[in-house]
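Only one structure is covered here, and it is reproduced in the block below.
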Amino acid sequence: MTDNKKIRVRFAPSPTGHLHIGSVRVAIFNWLYARHNNGTYLMRVEDTDLQRSTKEFLNSQLDSLSWLNIMPDEPIVYQMSRVEEHKKIVQKLLESGDAYPCFCDPEELDKKRAEREALGRAYKYEGTCRNKKYTQEDLQKPHAIRFKVPENLGFLEFDDMIRGVVRVESDQLDDFIILRRDGAPTYNFVVVADDIFMQITHVIRGEDHISNTHKQILIYKALNTQIPKFAHLPLILGAAGNKLSKRDASVSVQEYKSQGFLADTIFNYLVRLGWSHGDQELFTREEMVKYFDFDHVGKKGAIFDIKKLEWMNGVYLRALTTDQLLDSIKQLDQNYFEKIQKHWSKDQLNLLFDQYKQRAVKLLDIILDIISFANDPVTLDLNLIEKWRTEKTVDLLTAFLLELKKTNDLSHDNLLQLATAVVENFGLKLVNLAQILRLALTGKIFSPGVFELINILGKDRSASRISFLIEKLKDNN
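Numbers 498 to 974, taken from my numbering, label the letters of the sequence shown in order.
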């Protein structure tokens, strides 16, 4: 167990788009590690890209985190608010000799880079300005600031909590820019500056940041401050083992929410996407907090399986009470919530939810079916009407309708007995009547049990819908 009192982790998105699946998993793993160790979970908004960062995207990201119930424990830190502090730290590195001004023409450097890449070789800054003497007058000219990578370091390495020792030869690193010509700090520098400010003890992020880590460690050392521990999560892959595309899962969390996936489903599924606790698939949040550690996070990419996500969502849906379902619908769409409340009583909703959630994999499926079921008359598919437009079908429906009108007992057993007697008189099976009753009651040939639907609608509404279909079947126009 790590020293619980000191653990501080952070999630650091850029407000340049909606939160995608990969980013959300990073946030969740940070949150879980903090909770498991009684630590603190923080958030930093990396909003230095002024052209692409928007308030709309930030609000969307915060809404996603709030929906998943993983908002930070302390006020959010905004990177742009610390720009002047960043410049002070750059000045400190200049004064200590760990950084230097670079007056090289960016276009010339780009040309050299292109020439090297054309030869299939990596470009490395030659250190032209590394040991140049410069005056205050020189500093009035356009220049960037580069970090001076120490010479003859041999290997640089760090012990990743997931991958073990990650090593790179120091001569693969060049003197990298930490402050651009326009005064904007670069990523590798600014994350270190802000992580020091936020007292971050553990940096948990995607494996695409591994290549940055050695540079960042050098900055920590130059600033003579404690280096955090690192954990680099495996990538999320598409079904074919490829990098995720929009066709797979790199859509925003908001999109999954709008489709009717539950927050608990997304949370559980993303935790299992790379982490395991035996063969267990479904966890309460308390169980995830209890069991989570990096010893059971895999090193290989985890495959995103939409079918498994849908299966899991179905399991979570079936576990919800009527009140919980209504609350989820209200969070999803207030208009849907009001329509459902308008058309159905609480007792009817208990029966409807019990029926419709058995096959549903998304909350939206349940919502649309229940709203559609409330409409009188139902919307009938002309192709289905043509399929069933026979005299025998009309006679079968008419016979059942007559029996329905005679009874006041709408229990499943009684309706089953009535229907069985009707189909036996026609030499048919129960399924023949059930299909056409589904069409009459819902406008669809796939639905929950027809006898349960009749009970929910009541005798008069059920009879009206059956009569409506009979008239449509008789109508040849």
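Glycine residues also receive a C-beta, built at the ideal position from the N, C-alpha and C atoms.
In this text, all values refer to a predicted model and were calculated from it rather than measured experimentally.
Assigned with DSSP and collapsed to three states, S749 falls in strand.
Boundaries for A736: no alpha helix (DSSP H) harbours it, and the DSSP string shows neither H nor E there. DSSP places A531 in the uninterrupted alpha helix (DSSP H) bounded by 518-533.
Note that the region 693-706 touches the region 726-736; at least 3 beta-carbon pairs, one per stretch, sit closer than 8 Å.
Around F655, the same chain offers V662, V663, T710, H711, I714, I724, F727 as residues with beta carbons nearer than 8 Å, after the five sequence neighbours per side are excluded.
I659 counts as buried, since at least 16 other C-beta atoms from the protein chains shown sit within 10 angstroms of its C-beta. Rounded to whole angstroms, K889 and L934 show a C-alpha spacing of 14 Å. In this structure L734 touches L741 by the C-beta definition: roughly 7 Å separates them, less than 8 Å. The alpha-carbon separation between W808 and V858 amounts to approximately 6 Å. For D692, the number of other beta carbons within 10 angstroms of its own is at least 16, and it is reported as buried.
Setting aside the 5 residues that flank it on each side, I586 is surrounded in the same chain by A690, each with a C-beta closer than 6 Å to its C-beta; the list follows chain order. Residue pairing by DSSP places W772 opposite V794 in a beta bridge.
A direct Cα-to-Cα measurement between Q751 and G519 gives close to 13 Å.
Assigned with DSSP and collapsed to three states, E784 falls in helix. Taking 8 Å as the cut-off, the beta carbon of P512 is found no closer than this to the beta carbon of M540. By the neighbour-count criterion, in which a residue is buried when 16 or more other Cβ atoms sit within 10 angstroms of its Cβ, P647 is exposed.
Going by C-alpha positions, P945 is about 6 Å away from Y853. I714 sits in a helix when the DSSP states are folded into three classes. Taken in chain order, the complete alpha helix (DSSP H) segments of 4 or more residues contained in the region 553-601 are 580-593. The straight-line gap separating the alpha-carbon atoms of Y538 and L636 is approximately 41 Å. With respect to the 8 Å criterion, A937 and L899 are not classified as neighbours on the basis of their beta carbons. Closest in C-alpha terms to L529, from the list A737, I707, V786, comes V786.
In the structure shown, the three-state DSSP call for E666 is strand. Counted as a single uninterrupted DSSP element, the alpha helix (DSSP H) harbouring M809 occupies residues 803-816. Its chain contains R505 as the residues whose beta carbon lies nearer than 6 Å to that of Q696, once the 5 sequence neighbours on both sides are disregarded; these appear in chain order. Membership of V919 in the alpha helix (DSSP H) is indicated by the continuous run 909-922.
About 6 Å separates the CB atoms of N929 and V920; that is less than 8 Å, so the two are in contact. Sequence-distant partners of L848 (beyond 5 residues in either direction) whose C-beta falls short of 8 Å from its own C-beta, in its chain, are E949, N952, I953. Here F554 has P512, T513, G514, H515 as same chain residues with Cβ atoms under 8 Å from its own Cβ, once five neighbours each way along the sequence are excluded. DSSP places E968 within a helical segment (H, G or I) once states are collapsed to three. Cβ neighbours of K941 within its own chain (closer than 7 Å, five residues either side excluded): R935. Here D892 carries a helix assignment [DSSP, helix/strand/coil]. Here the alpha carbon of I567 sits roughly 20 Å from the alpha carbon of Q821. Apart from sequence neighbours up to five positions away, the residues of its chain that approach A531 with a beta-carbon distance below 7 Å are I504, V506, T537, Y538, ordered along the chain. Setting aside the 5 residues that flank it on each side, T625 is surrounded in the same chain by C601, each with a C-beta closer than 7 Å to its C-beta; the list follows chain order. A direct Cα-to-Cα measurement between L927 and D892 gives close to 15 Å.
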